[in-house]
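Going from the sequence shown to my numbering is simple: count from 1 and add 437. What follows is a single structure, written as structure tokens, with notes after it.
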Amino acid sequence: SQNFSQNIMPPLSLTCCNCNKWNSSCFLELRLLLEQKLKMLVVFQVMNLLHSMGPDTVVITSSDLPSPLGDQYLVALGSQKRVNADGTMVTQQIRMDIPRVDAVFVGTGDLFAAMLLAWTHLHPNNLKMACEKTVSVLCHVIKRTITYAKEVASPNRRPSPAQLELRMVQSKADIEDPAIVVNAVVL
């Protein structure tokens, strides 16, 4: 809405979007011919539009863009605009291929947003590092959660939602200083 674009977006320094559906019928023919290139073009146009509304940092998570690593990976994209000491504007754009997990969790989006805010605060001029640490935290927390859930679930049964509650407290060390397990590619 107009209120959102005029009042909410301008003061933001960071926005994080979940774009996991591609439904634009106006690009149907081009999409069939150039699906990946068109999607990438549109995603970067959207990120530039969001930049123009105020945020210096934009991260799109859980896109349905195809990963060069295969369909077992989610693609996340990020863009950060900043001004160098000499006054020139630079943009860093990244892509991350994140391993998919066959489970449903509650709170991963909130954890992602919180970690992205924390790591971009600690690495204000290095979106690549901030995103690598953010995604690595999620990977560690999810791995620990799945390991626990499988241990407590009945044999030959999928873990319950309660068993899949994120193991945040147990992941404190990984949240504070994550080993990098997913690397970003600078585009």
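Glycine included, each C-beta is placed from N, C-alpha and C at the ideal position.
| field | Limits of the unbroken beta strand (DSSP E) element including L511 | value | 510-520
| request: State the beta-bridge partners of R532 as determined by DSSP. | output: L514, V622
| query | Based on Cα-Cα distance, which residue from L601, F542, M533 lies nearest to L502? | reply | M533
| message | Per DSSP, what are the beta-bridge partners of M605 in this structure? | response | None, per the DSSP bridge assignment.
| query | How long is the line joining the alpha carbons of S462 and V479, rounded to whole angstroms? | reply | Unreliable positioning characterises S462 in this predicted model, as indicated by a pLDDT of 40, which lies under 50. A coordinate reading is not provided.
| Identify the residues that DSSP records as bridge partners of V411: which are they? | Residue numbering for the chain in the displayed model covers 438 to 624; residue 411 lies beyond these limits and cannot be assessed.
| Every unbroken beta strand (DSSP E) inside the region 538-611 [3 residues or more] | none
| Are V619 and L603 closer than 9 Å when you measure CB to CB? | no
| request: Just the C-alpha distance for H570 and P615, rounded to the nearest angstrom, thanks. | output: First, the residue type needs correcting, since residue 570 is Lys and not His in the sequence shown. Each residue's alpha carbon lies about 6 Å from the other.
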